[in-house]
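So for the sequence shown, numbering that gives the first Met the number 0 puts the first residue at 0; every next one is plus one.
For every residue, glycine included, the Cβ atom is placed at its ideal position computed from N, Cα and C.
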Amino acid sequence: MATLGDIGLAAAINILSAFAFFVAFAILRLQPFNDRVYFPKWYLNGLRSSPSHSGAFVRKFVNLDFRSYVRFLNWMPEALKMPEPELIDHAGLDSAVYLRIYLLGLKIFIPMTFFAFAILVPVNWTNSTLQLSKVTYSDIDKLSISNVPASSQRFWAHLVMAYLFSFWTCYVLHKEYEIVESMRLHFLASVRRRPDQFTVLVRNVPPDPDESVSELVEHFFLVNHPDHYLTHQVVYNANKLAKLGQEKKKMHNWLDYYQLKHSRNPSERPTRKTGFLGLWGNEVDSIEYYTSEIDRLAKEEALERDWIKSDAKSIMPVAFVSFKTRWGAAVCAQTQQSRNPTMWLTEWAPEPRNVYWQNLAIPFVSLSVRRLIIAVAFFFLTFFFMIPIAFVQSLANIEEIEKKVRFLRPIIRVKLIKAFIAGVLPGIALKIFLIFLPTILMLMSKFEGFISLSSLERRSAARYYLFLLVNVFLGSIITGTAFEQLNTFIHQSANTIPKTIGVSIPMKATFFITYIMVDGWAGIAGEILRLKPLVFYHLKNFFLVKTEKDREEAMDPGSIGFDSSEPQIQLYFLLGLVYAVVTPILLPFIVIFFGLAFVVFRHQIINVYNQEYESAAEFWPDVHGRIITAMIISQLLLLGLLSTKEAAESTPLLIALPILTISFHRFCKSRFEPAFVKYPLQEAMMKDTLERAKYPNLKLKEYLLKAYIHPVFKEEDDDEGFPVSDDIEMESLLVPTKRQSRKNTPLPSKYSGSTSPSSLPEVDHDQP
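Given below as structure tokens:
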């Protein structure tokens with residue numbers, strides 16, 4: 000078990016590691032040849048160009064102004080200077096609100112730390128319960144609630160602090176929810192015109208033997224939204240075509256590489272083998288090989304494109320329907336379209352760059368089956384991950400390692416090695432085990448069929464948080480307690496085991512402290528160094544870059560990565576809330592994490608990250624809900640812990656705390672959440688009215704006509720492109736249709752469930 004000395008050494012190692020990362024970053028960012036690695040966002044926005052230096056050749060690569068090195072930490076105050084409104088204009092609302100999660104952590108835990116150290120630490124320290132017990136403990140554990148004797152009146156201090164911390168957290172959460180809601184509504188009201196403001200995604204379009212999907216969609220919305228329907232775009236199953244395009248692009252990259260290689264050494268033609276990864280097979284000329292492969296793929300692309308155009312089966316029962324006004328789109332997106340609630344399903348369309356096109360081709364009926372499969376797979380993934388978690392916890396128990404592996408005893412007893420194993424190694428091992436998890440969870444979300452990048456990330460984030468909660472938090476407590484108190488468990492009666500667990504749970508704070516330092520201190524500092532993008536950029540720049548466009552594509556600005564970063568933040572909220580009353584010594588480590596992460600990620604958002612989409616802070620209800628979950632877990636654990644400590648007078652009063660917290664959550668959900676899932680008609684009408692007054696001659700249809708065409712078709716000429724709906728004359732109620740059952744009849748089609756007005760005149764089927 001880690002002692003104060005072990006934690007001190009681990010803190011020193013991680014502080015030095017973080018400082019080394021900051022120094023390395025401060026030096027590397029000043030070098031001209033690294034400018035595109037550490038400031039890519041400004042290049043992508045066209046606000047920065049490659050630094051030019053006259054004089055010595057070395058100045059093109061190395062900054063010789065030694066005065067700039069003296070101010071190597073000036074990036075920190077610079078990152079804090081940009082006001083939040085300017086930050087929103089520069090990086091978007093998602094990025095600004097994401098930073099507010101770190102501010103929220105500081106607002107919650109700084110006052111908690113002050114009161115915990117002023118009241119709870121003295122209450123816990125001035126006891127000798129652990130010295131008289133048989134459990135294994137360290138000096139850190141004397142600062143925890145475990146050191147308070149059973150039935151002590153001192154538990155009233157913990158009860159009062161639990162209520163104080165809960166009320167303070169709820170107050171801060173309410174204020175922050177109110178601020179973010181206001182920011183979102185203001186952003187939606189002030190943001191410039193976007194296609195998704197006028198567009199609805201329609202899914203599960205019913206089949207009809209008389210009309211194509213495009214004709215059916217047009218007819219349905221002309222009949223049911225005659226005053227607001229503008230145009231639509233059907234969705235093609237172009238997944239195979241997209242794969243061919245990606246493969247051709249990859250071949251182009253290899254061709255560019257070998258052509259550049261040949262240009263540097265014209266006397267030698269580059270060669271490669273035709274087998275897997277070029278490891279075996281016939282040896283051929285690389286340039287000729289990739290040229291022929293590109294020609295082959297181009298022909299396959301043309302054939303696939305022609306097939307998509309001619310085959311009606313390539314059109315999916317999905318369409319993007321655009322309206323003349325935001326008000327019309329809001330009404331359609333937020334209402335039921337037909338008497339059959341499983342048909343003509345409408346929702347707000349993601350913005351075009353937020354669409355995950357591959358999943359639009361998944362049949363709607365298969366989504367439930369896919370989600371059931373993934374639910375089962377996720378259960379087994381979570382269950383079997385307990386094995387490496389148990390291994391990590393065994394590393395944290397240095398005493399048991401000494402007993403079981405005796406030949407390692409001389410090495411382990413070396414003070415430095417022992418401190419490293421107990422104070423650093425468990426956190427590193429856990430970090431390594433979690434590296435590939437976000438990728439696995441994202442693949443699961445894609446298989447489930449979510450149709451936007453934002454929904455994919457939110458789904459992955461939800462699963463990642465659940466995984467961290469079950470495996471990292473609860474798994475570490477359960478397996479760690481079993482390892483550390485194994486001898487006590489074996490030699491005591493079964494009815495006293497819960498009491499021993501209750502005493503031991505607070506003592507797992509030492510493991511979580513090491514994890515916070517490795518992941519939250521050194522890990523965050525490593526984020527700003529961008530070692531992987533730095534290496535890959537220079538490799539691409541040396542081997543592949545020939546033009547300015549190539550150099551721009553070699554940059555990898557990355558993004559926030561909400562699916563992995565937000566659940567990790569929530570783990571810190573969970574640890575802070577659980578241990579605030581139980582083991583307050585953990586709180587300063589949490590505060591340092593939130594402060595350091597806020598500065599680092601603010602710098603990255605301003606200078607580096609280039610978000611793929613903008614959801615207008617749609618994720619905030621998830622953030623709020625997970626913090627509420629952490630509060631309830633902390634309250635229930637404290638309730639169970641006090642019950643094992645025989646605090647009969649104070650424990651029953653804790654029962655009301657989870658009930659009050661749930662009531663608070665339900666209030667916030669009803670008060671604020673609608674602004675994140677619906678668009679108020681009042682706001683939509685106001686925005687439409689202002690836009691009509693400002694742009695009376697706006698040609699909206701031209702703006703929306705091709706906004707939602709699949710990216711693989713966007714580069715085609717208009718004559719070669721895919722069909723979009725034609726102009727519709729809205730002066731009369733004439734609705735062209737090929738369906739015989741719709742002629743002069745008010746009866747609904749058995750396929751669509753919609754009703755045609757009885758006043759419709761008979762339509763000539765040859766009418767364009």
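Exposure label - residue i; buried when at least 16 CB within 10 Å
i	result
residue 87	buried
residue 383	exposed
residue 453	buried
residue 306	exposed
residue 85	exposed
residue 548	exposed
residue 728	At residue 728, the pLDDT of 40 sits below 50, so the modelled position is not reliable and the matter cannot be decided from this model.
residue 124	exposed
residue 763	Note that residue 763 scores 42 on pLDDT, short of 50, meaning its location in the model is unreliable; the coordinates nonetheless yield the value given after this. Per the 10 Å Cβ criterion, exposed.
residue 352	exposed
residue 318	buried
residue 296	buried
residue 322	buried
residue 78	buried
residue 767	Any reading at residue 767 needs caution, since the residue's pLDDT is 37, under 50, leaving its predicted position unreliable; the model's value is listed next. Residue 767 should be labelled exposed.
residue 115	buried
residue 375	exposed
residue 378	exposed
C-beta contact flag for residue i and residue j at 7 angstroms
i	j	result
residue 523	residue 596	yes
residue 199	residue 233	no
residue 16	residue 521	yes
residue 106	residue 607	no
residue 385	residue 474	yes
residue 637	residue 165	no
residue 519	residue 592	yes
residue 92	residue 175	no
residue 505	residue 143	yes
residue 469	residue 381	yes
residue 253	residue 684	no
residue 28	residue 42	no
residue 711	residue 45	no
residue 284	residue 268	yes
Distance between residue j and residue i (C-alpha atoms, nearest Å)
i	j	result
residue 347	residue 331	9 angstroms
residue 101	residue 108	11 angstroms
residue 249	residue 533	21 angstroms
residue 343	residue 335	8 angstroms
residue 435	residue 611	21 angstroms
residue 544	residue 535	12 angstroms
residue 24	residue 448	40 angstroms
residue 12	residue 19	10 angstroms
residue 531	residue 72	22 angstroms
residue 619	residue 181	12 angstroms
residue 230	residue 201	13 angstroms
residue 668	residue 356	31 angstroms
residue 304	residue 564	39 angstroms
residue 161	residue 96	28 angstroms
residue 650	residue 158	8 angstroms
residue 825	residue 443	The displayed coordinates of the chain run from 0 to 767. Any statement about residue 825 would go beyond what the structure contains.
Of the listed residues the options, nearest to residue i (C-alpha basis)
i	options	result
residue 588	508, 538, 701	508
residue 660	634, 639, 80, 158	634
residue 90	558, 450, 628, 267	558
residue 689	188, 183, 193	188
residue 314	114, 273, 362	362
residue 354	602, 654, 179, 455	455
residue 349	195, 77, 333	195
residue 34	431, 556, 643, 568	556
residue 146	711, 685, 641, 650	641
residue 239	69, 299, 432	299
residue 288	712, 309, 258, 312	258
residue 713	235, 699, 208, 291	235
residue 185	704, 678, 624, 691	678
residue 316	155, 163, 345, 326	345
* **Minimum length 4: unbroken alpha helix (DSSP H) runs contained in the stretch 299-341** => 325-332
* Within the stretch 614-643, ranges of the alpha helix (DSSP H) (whole runs, at least 4 residues) -> 619-643
* Asked: At which residue ranges does the stretch 549-591 contain complete alpha helix (DSSP H) runs of 4 or more residues, listed in the order of the chain?
  -> 561-581
* Completely contained alpha helix (DSSP H) runs for the stretch 647-695, where each covers 4 or more residues -> 655-671, 673-676, 680-693
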